Every structure is written in structure tokens, then in C-alpha cells.
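In this note's numbering, the protein residues as written are 4 to 439.
Glycine included, each C-beta is placed from N, C-alpha and C at the ideal position.
As the structure is a computational prediction, the values presented were derived from the model and not from experiment.
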């Protein structure tokens, strides 16, 4: 069986490389680090998580839980690595990001059918099956090469990462541990606002100075799913209170009442020494982050282990360029996977790598593979990124993508569970058929 080249050792590239290698395919995996780092990446290891350490909910009746269930049926290798490096996060799967990245790197480097090439790829050899999984920060010569293949039909948006604070610097007289509605084991730390505190915080945030985006010329387009907190504040005083600062399902033990607004902190590492400000992706200047975020109750003396950053993301105009098997329509020996396709999210990116690997494997065996069944989350995500869309933007897993049930179910949670059960059944059958 001929070999495959994979460019990029992020979540999508590693998932694809491991899946193919375990089936006897010789994989050449290229990774530009440590020779070249993107503005957002710091570690030499593979599958580095940047924006957050959360891989979202695990419940089957949630979109992200269903996505994980489908990935398990497709033979994911990254999910076991995530489960082995998890940190407490209520009903979510969150990981110690350094331990997770090290675990994935170890899996890849120990696989005899994978040859790792540390260096920057500048060209795509169309004579050899190639998967481009270089992520949303692809730039330089390879970005130019993609432009040559795609006719410059690429789009760009900005993504932002949240700051991280040290646990030792928090005022635990004000901060309390709890998960919403008592789910989990009080895995989040909560910073409760009263009305006056919140109004002062909102005013300061809405007027704070933002960092200049030097590398982007043109109109700023921000992806809704990773919106900077200051942009959200600018949409109105209550926007954050109905978003990441929503106080529902929580009771402040100091007052016995629900807070007016609430900031949640999620454990960043297994030791619990670092915490991520949930939903606080930002492009504020570092000094402004220190000034404004220190107004959050309990963070008055916070030590920032990492300030939030904002960086450019590039993705393909996939509806025009990609077929259902994730290969370029005009260059069928070149596949794409991960966030560069418009699959938005960590697990979505890894899942896209799994689908691309299966598509490549089918071609190597003389066949072809389309999208998974329309009842599945992954089937709908593939259909979303490959269907005509004049205003195409990245999409993550959500229950709204799935076709309705034949017999309506009024209770939302029961409806979602029924949709998920239908999806996993369809995916199990499809996975078995495509393994043949």
C-alpha cells in the first residue's frame, strides 16, 4: 500500500496519522515546530491546545457528547489520551493540556509506521496522497501553495484565547467552588458579582483599550463561538449576563442568593495550580487585562500566568473547494482536515482528521468514501462545509444540525437523547460497513 503525507501534527493530523498507521499505511508526518512557531503556539509537542483546555460536555444528550460517541465508533486515538489526562470540570472533559500534548506526541513517535519530519513544508506533492492539516494559522510558503491549489478562494477570521491565573493568587473568601445545578463535584471556581460591581466592571471592560492587529488589513470578522469578551460587552450591559457570565444554577454561599452575574474559573492543569477564565477570550492590551479583570470579585490580586491573545485564523472556502470525502474537487489527491476546513472546535478538528483518514484509506484500496449518514453529527458537519453557502463561516457540533425525529418529542433533553441514539446507531452501522 502506497504511503501518505500528512502536513501538520495538530489534533486532526495526529488522529489521521495514527488511524492510518494502525492499518499498515506508511505515514510521513510533517510538523514545523520547533523550527517555526505560530503566534499562538508555544510547545514543541504535537496536538497543542491553545484556546482552552476544555473538550466540552460528555453527556450523550449534548452535541459535544454525541460527537465524542461518534469518534469512539470511528476508532479515535486522541479521546483515550484525553481521558487519561483529564482534570475535574463537572460534566465536561477538560485536560491538563501539557500532559495531553505529551501523551499524543508519545503515541505518534512510538508508532513504527509513522515517520516524523520536523520542518516547515513549502510544497504539496500531488503525486502522493497528501492530507493538509496545518490548522487555522497556516502561513508562509505553504499558505501560498494552498492558494495556488485553491485559486485564492480562502477566507480569514480572528480567534482569541482566554487568560490563565494562578490558584494561589485568588481570594478564596470571595470565590466559591460549585458546578451549575450541582452537577459534578464543585469543579469550577465562581466569582460572584453584585449589581453595582458588575456595572462598574462592564463599563471598564467596554471602554478598555484593545491591542492592534498588525497582521490583518481589512475588516475584522470575529467567529461567534470564540468572541472576545470586550466585543460581547460592547453589545450591551446584559449580553455577558446571558452568556459566559450567566449566574443561573448557582448560589453565592455568602448571601444565600443567586449572584447578579458570575465568572467561572476552570482548572487548567491536573495539580489545580492554574485556572482559566471561562469565556474570557480577549484582545485587550496586557495592562488593560490586568486592570479590568482584577475588578472581578476574588481576582483583585490575581497573578496572570498567561494573558489572553488574539490571532488570525485562516480557513478554506470549503463549499466551493471540497468534496464529501474532504479532498479538493480539482486536485483529488489532496485532502484537508481540521479547523482549516471550517470544522470549528478541538474535538471537531480531531474528528475531521478521522474522516479524512478513512477517505484516504478507501482511495488507497481502490474505492471512495463520502460523508457519514445524515442522521449523524459528523455527517451533518461534512454536509455543512461542503454545501453551497455564500456566507460560509466555521461550524461546531450542535444539535440544530441534525434532521428532526419522525415522531416529535417535546422534552428537549429526551429529544436530544433520541437524536443522539439515532445518530450513534447510524454511525455504528456506517463505521462497520466502511471498515470492510
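DSSP beta-bridge partners for residue 33? 10, 120
Residue 389 lies in the beta strand (DSSP E); which residues open and close that run? Where residue 389 is concerned, there is no enclosing beta strand (DSSP E), although the alpha helix (DSSP H) it sits in stretches over 380-389.
Using a 10 Å radius around the Cβ and a threshold of 16 neighbouring Cβ atoms, would you call residue 276 buried or exposed? exposed
Simplified DSSP state of residue 147, which is helix, strand or coil: helix
Please confirm if the segment 249-256 is in contact with the segment 176-183, defined as three or more CB-CB distances below 8 Å between the two stretches. yes
Skipping 5 residues on each side, what residues in its chain have a beta carbon closer than 6 Å to that of residue 348? 399
Alpha helix (DSSP H) segment containing residue 292, residue limits: 289-296
Nearest to residue 273 (by Cα), restricted to the options 70, 100, 64: 100
Where residue 156 and residue 418 are concerned, what is the direct C-alpha to C-alpha distance, given to the nearest angstrom? 39 Å
For residue 330, which residues in the same chain have their Cβ closer than 6 Å to its Cβ, ignoring the five residues on either side in sequence? 338
Quick check on residue 291 - is its C-beta less than 8 Å from some C-beta in chain C? This model lacks chain C altogether, as it is built from one protein chain only.
Which same chain residues, not among the five before or five after residue 357, have their C-beta less than 8 Å away from its C-beta? 18, 19, 22, 74, 77, 78, 79
Of the choices 70, 61, 45, whose alpha-carbon is the least far from that of residue 54? 45
In whole angstroms, what separates the C-alpha of residue 50 from that of residue 81? 9 Å
Segment contact flag, the segment 358-378 with the segment 429-437, C-beta cutoff 8 Å, min 3 pairs: yes
Which of helix, strand or coil DSSP assigns to residue 195: strand
If distances are taken between C-alpha atoms only, which option among 438, 410, 416, 350 comes closest to residue 95? 350
On a Cα-Cα basis, can you pick out the residue from 238, 230, 420 that is closest to residue 286? 230
Between residue 134 and residue 9, which are expected to be in contact by the criterion C-beta below 8 Å, what is the C-beta distance as a whole number of angstroms? 5 Å
Enumerate in chain order the residues of its own chain whose CB-to-CB distance from residue 312 is below 6 Å, with the five nearest sequence positions on each side excluded. 164
Closest Cα partner of residue 114 within the set 30, 307, 281: 30
Please report the distance separating the alpha-carbon of residue 186 from that of residue 270. 16 Å
Please report the distance separating the alpha-carbon of residue 410 from that of residue 315. 44 Å
For the segment 286-306 against the segment 203-214, do three or more pairs of beta-carbon atoms, one drawn from each stretch, fall closer than 8 Å, so that the two count as touching? yes
Given this structure, state the Cα-to-Cα distance separating residue 117 from residue 383, to the nearest angstrom. 31 Å
With a Cβ-Cβ cutoff of 8 Å, do residue 342 and residue 195 count as a contact? no
Sequence-distant residues of the same chain with beta carbon closer than 8 Å to residue 318, five excluded per side: 139, 157, 158, 159, 160, 342, 343, 344, 345, 397
Could you tell me whether the Cβ atoms of residue 281 and residue 268 are closer together than 8 Å? yes
For residue 119, which residues in the same chain have their Cβ closer than 6 Å to its Cβ, ignoring the five residues on either side in sequence? 32
Residue 391 versus residue 323: straight-line alpha-carbon distance, rounded: 7 Å
So, helix, strand or coil for residue 178, using DSSP? coil
Out of 423, 131, 433, which has the shortest C-alpha to C-alpha gap to residue 363? 131
Rounded to whole angstroms, what is the Cα-Cα separation between residue 218 and residue 320? In this predicted model, residue 218 has a pLDDT of only 49, less than 50, meaning its place in the structure is not dependable enough to derive any value.
Residues in the same chain with beta-carbon distance under 7 Å from residue 85, minus the five sequence neighbours each way, listed in chain order, please. 58, 96, 98, 103
With a 10 Å radius around its C-beta and 16 neighbouring C-beta atoms as the bar for buried, classify residue 371 as buried or exposed. exposed
Taking 8 Å as the cut-off, decide whether the C-beta atoms of residue 308 and residue 88 are in contact. no
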